[in-house]
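Notes follow once the structure below has been shown.
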Amino acid sequence: MGTLIVGASVAGVRTAQALRDMGYTESITMLGEERHSPYDKPPISKDMLGTGTGAPVPLLSDEQLVELDVDLRLGVRAESLDLVNRFVIASDGREYPFHDLVIATGVTPRTLPGSENLRGVHTLRTADDAHTVRSQLMTSTHVVVIGAGFIGAEFAAAARSHGVRVDMVEPQQIPMAHVLGDVVGAELSRLHVLNGVTVHTGVGVAALVGDGQVEGVTLTDGRTLRADLVVVGIGAIPATGWLESSGLPLDNGVVCDARLRAEGAEHVYAAGDVARWPSPHADGLVRIEHWTNANEHGAIVAASITGAPVTPSPPPPYVWSDQYGQRIQIAGRPAEGELARAVGAVDSPPYAAIYTSPEGRVVGALVVDDPRLFMKCRKAITTGSTVDGLDIVLGLDPAN
0 MGTLIVGASV AGVRTAQALR DMGYTESITM LGEERHSPYD KPPISKDMLG
50 TGTGAPVPLL SDEQLVELDV DLRLGVRAES LDLVNRFVIA SDGREYPFHD
100 LVIATGVTPR TLPGSENLRG VHTLRTADDA HTVRSQLMTS THVVVIGAGF
150 IGAEFAAAAR SHGVRVDMVE PQQIPMAHVL GDVVGAELSR LHVLNGVTVH
200 TGVGVAALVG DGQVEGVTLT DGRTLRADLV VVGIGAIPAT GWLESSGLPL
250 DNGVVCDARL RAEGAEHVYA AGDVARWPSP HADGLVRIEH WTNANEHGAI
300 VAASITGAPV TPSPPPPYVW SDQYGQRIQI AGRPAEGELA RAVGAVDSPP
350 YAAIYTSPEG RVVGALVVDD PRLFMKCRKA ITTGSTVDGL DIVLGLDPAN
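See below:
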């Protein structure tokens, strides 16, 4: 029966590739909910919305897809899982049997109440989402972005590249403070302001205004912002609704062990954003919504299926964001440390922020527009080095 992979994005594709690389010769079937061939997700909120072509970036060429020898079923959504009889029921009415099952369904964006039947209110998860938003952006004059995380920030930057007025609404007093702390969060917020975005912090959304088409956003402080396009970036939840009656352990994702095997279920694995597992770079179980995490999970799952050793340990988490012509790179887990160094400014990069554990070891870093410095920071996280070793490359006097 071979392996059934549910999900045709990075985690699913990398699992299939790793299986073949490890000599796996059994059949592989992959279900993809979208009609597009597998494509890269980060450009959805980056190149596809800005000044690029607007087309999805394929994960595989046609030749690579043929060589992979995968039965790819596009436009097919998993609807339920029968663990006893070992098959998945899908939206095409078919039962897909498996010997090994890989769950790589990712996440579903959170939405705002009242947005269901209101045109002009969107989330960003798929290439179709990006295409719709981009086309509406071309004719919009007032855009409101809900949420100042990376999705919201990248869309705000893309909208400004088209000359559109942008208001950004963020419930936190300082955007990204829960991840990066007040100092760095304020610096990133300043980047938006310097590029013409009006940032409203410490305030939420009370209601969406409009009859059929969005016309504005009423805030919890009573103000109403004019809007003909609203993009919502307020986080996501694991796409596990189809697994609710399966008996699998679900707790903010599919609960897995260190080899990404679903707890209490033989031959069932999870990969990517949907997997909650004991990452070697965190305490306890975590679910990491990073492209690199999904990319690395493929090799771990393939090794678990084939019985190969899982080596080496995955590198520290890594995420990047392109905003206003600048590249922001983050490695490690800054939220688990304290800010030890902050050098430079976002309006005159490079800018760097280093986070350390109570013992002084580097556990996280944010760097703007300095790839060389970022690689040194990432190495320091991997090796558990102290922050003192970075002072010279940060331009600081290690003696002070």
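Note that numbering that gives the first Met the number 0 numbers the sequence shown so that position 51 is 50, with each residue one more than the last.
A virtual CB, placed ideally from N, CA and C, is assigned to each residue, including glycine.
Just so you know, these numbers come straight off a predicted model, no measurement behind them.
Query	Result
In chain order, what residues of the same chain lie with their CB nearer than 7 Å to the CB of ALA284, ignoring the 5 residues before and after it?	Here the sequence assigns Leu to residue 284, which means Ala is not the residue at that position. Same-chain partners within the cutoff: VAL254, ARG275, TRP276, PRO277.
Which of the three DSSP states is assigned to PRO397 in this structure?	For PRO397, the pLDDT reaches just 48, beneath the cut-off of 50, and the residue's location in the model is therefore unreliable, leaving the point undetermined.
Identify every run of the alpha helix (DSSP H) within the segment 29-88, keeping only runs that are complete inside it and at least 4 residues long; order them along the chain.	61-67
Tell me whether GLN408 is buried or exposed, calling it buried when 16 or more other Cβ atoms sit within 10 Å of its Cβ.	The structure shown does not extend to residue 408, since the chain is modelled only from 0 to 399, so the question has no answer here.
Could you check if GLN63 is buried or exposed, using at least 16 other CB atoms within 10 Å of its CB as the buried criterion?	exposed
Run through DSSP, which three-state label would ASP250 get?	coil
Would you mind giving the Cβ-Cβ distance between THR239 and VAL273, rounded to the nearest angstrom? I have them listed as a contact below 8 Å.	6 Å
Shortest alpha-carbon distance to LEU207 belongs to which of MET47, PRO174, PRO112, VAL196?	PRO112
Helix, strand or coil for GLY148, going by three-state DSSP, please let me know.	coil
Suppose contacts are defined by Cβ-Cβ distances below 7 Å. Is ASP227 in contact with SER139 by that definition?	yes
Evaluate HIS177 with the Cβ neighbour count: other Cβ atoms within 10 Å of its Cβ, from every protein chain shown; 16 or more gives buried, anything less gives exposed.	exposed
Based on Cα-Cα distance, which residue from SER90, VAL213, GLU25, LEU82 lies nearest to GLY427?	Outside the displayed range of the chain (0 to 399) lies residue 427, so it cannot be described from this structure.
What is the DSSP secondary structure of ARG260, counted as helix, strand or coil?	strand
In terms of residue numbering, what span does the beta strand (DSSP E) encompassing ASP321 cover?	317-322
Compute the distance between the beta-carbons of ILE43 and ALA129, then report whether it is under 7 Å.	yes
Is ALA398 buried or exposed, if buried means 16 or more other CB atoms sit within 10 Å of its CB?	Confidence at ALA398 is low in this model, with a pLDDT of 45, below 50, so the placement of that residue should be treated as unreliable; the coordinate-derived value is given next. Exposed is the call here.
Just to confirm before moving on: does the CB-CB distance between PRO315 and GLY331 stay below 7 Å?	yes
What do you reckon, are the CB atoms on VAL367 and TYR350 nearer than 7 Å?	yes
Does the segment 166-183 come close enough to the segment 145-153 to have 3 or more Cβ pairs within less than 8 Å?	yes
Where SER347 and ASP68 are concerned, what is the direct C-alpha to C-alpha distance, given to the nearest angstrom?	49 Å
Looking at LEU247 and ALA264, is the spacing between their C-beta atoms short of 7 Å?	yes
Do VAL106 and THR14 have their C-beta atoms within less than 7 Å of each other?	no
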